[in-house]
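Residue numbers for the sequence shown follow the working numbering, so the first one is 6 and each next one is one higher.
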Amino acid sequence: MEIFYWTGGIVAFGLLVYLTIALMKPEIFS
């Protein structure tokens with residue numbers, strides 16, 4: 006069950022980083 010917890014944390018962290026970059030530098034994703 007611990008691997009599921011880790012995977013969820015990594016996915017959530019990656020999504021947070023992606024959203025932060027997308028908000029700060031939208032020209033990258035255009």
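Just so it is clear, CB atoms sit at the ideal spot from N, CA and C, and this is done for glycine as well.
Rounded to whole angstroms, the Cβ separation of A27 and F18 is 15 angstroms, and the two are not in contact under 8 angstroms.
For M6 and L20, the gap between their C-alpha atoms comes out near 22 angstroms. Straight-line spacing of the CA atoms in M29 and V22 works out to 11 angstroms. The beta carbon of Y10 lies closer than 8 angstroms to none in the same chain, with the five residues before and after it left out.
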